[in-house]
Amino acid sequence: MKTETKQCQNCPDFLNFKQQLRGCYGLRKKSYCILNKQYSKETYENLKEKIIERMRAGREWGQFFPKSMSPFAYNEAIANEYMPLSKEKAAVQGFRWQDDIPSTKGQGTMDNSKLPENPNEYNDNLTQEILTCEKCEKNYKLIKREIGFYKKNKLLPPRQCFNCRHALRMSKRNSRNLWEGVCAKCGNVILTSYKPEDQKIYKLYCEKCYQQEVY
Ligand SMILES: [Zn+2]
Ligand SMILES: [Zn+2]
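Here is the structure:
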């Protein structure tokens with residue numbers, strides 16, 4: 051809500067000028083705007099005080115946007131990848147949940163059995179085809195640059211949609227939790243994202259020992 055310094059578009063520095071903006075988005079070299087609408091300095095100052103007073107009374111001032119304003123349900127937001135919740139637990143915390151996330155199905159123009167089975171067999175027409183995910187049956191397409199990458203790296207085209215491929219990648223990562231572990235070199239207790247079972251499989255080092263080993 052409160053933007054009084056503005057970050058440079060090209061570097062991490064903050065530009066050294068004061069802007070008077072409230073709830074605005076994407077404005078450049080503007081002042082005295084509220085929700086992207088331009089006001090005179092006097093009206094702006096007046097409205098600003100009223101808005102702050104009302105937000106303080108509603109205990110909204112200084113808080114992040116409320117959950118009720120989120121355009122995404124919890125299960126379709128990245129939040130669910132970092133801090134997964136069940137539908138029930140999400141509801142308890144006041145998040146919205148969407149059972150049927152909209153998707154395109156049944157529009158496929160090509161059977162997966164016709165996809166190239168050899169990286170030298172890519173056909174230029176593949177970008178025109180609508181493919182069907184073998185896991186969730188949602189439709190997806192491949193773009194030219196993507197096919198170029200697969201060809202160059204001698205990879206076969208994916209048979210799953212990008213959402214299923216993303217979910218597979220995420221499932222291979224450690225969950226966002228920290229457990230205590232022991233450095234395999236110096237024996238110091240460390241915090242690690244590897245859970246106790248995995249600590250028996252992998253050799254974990256503290257940061258100092260790791261840096262000494264790597265460099
Ligand atoms: Zn899929
Ligand atoms: Zn160590």
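51 is the number of the first residue of the sequence shown in our numbering; add one for each residue after it.
Virtual Cβ for every residue (Gly too), placed ideally from N, Cα, C.
Host alpha helix (DSSP H) of residue i (start-end)
i: residue 230; result: Note, residue 230: premise wrong, no alpha helix (DSSP H); beta strand (DSSP E) at 229 to 232.
i: residue 132; result: 129 to 132
i: residue 221; result: 212 to 221
i: residue 139; result: 137 to 142
i: residue 261; result: 257 to 264
Strand pairing of residue i, partner residues [DSSP]
i: residue 242; result: 229
i: residue 181; result: 190
i: residue 88; result: 83
i: residue 164; result: DSSP, once it has assigned bridges, lists no residue as partnering residue 164.
Residue i, DSSP secondary structure in three states
i: residue 64; result: Residue placement at residue 64 is flagged as unreliable, the pLDDT there being 44, under the threshold of 50; the coordinate-derived value follows with that caveat. Reduced to three states, the DSSP call for residue 64 is strand.
i: residue 250; result: coil
i: residue 155; result: strand
i: residue 120; result: coil
i: residue 104; result: helix
CB of residue i within 7 Å of CB of residue j, strictly
i: residue 147; j: residue 125; result: yes
i: residue 159; j: residue 193; result: no
i: residue 83; j: residue 97; result: no
i: residue 185; j: residue 157; result: no
i: residue 234; j: residue 258; result: no
i: residue 191; j: residue 153; result: no
Proximity test, residue i beta-carbon vs ligand 2 heavy atom, cut-off 6 Å
i: residue 235; result: yes
i: residue 256; result: yes
i: residue 238; result: yes
i: residue 186; result: no
Near ligand 1: residue i beta-carbon under 6 Å from a heavy atom
i: residue 191; result: no
i: residue 155; result: no
i: residue 210; result: yes
i: residue 214; result: yes
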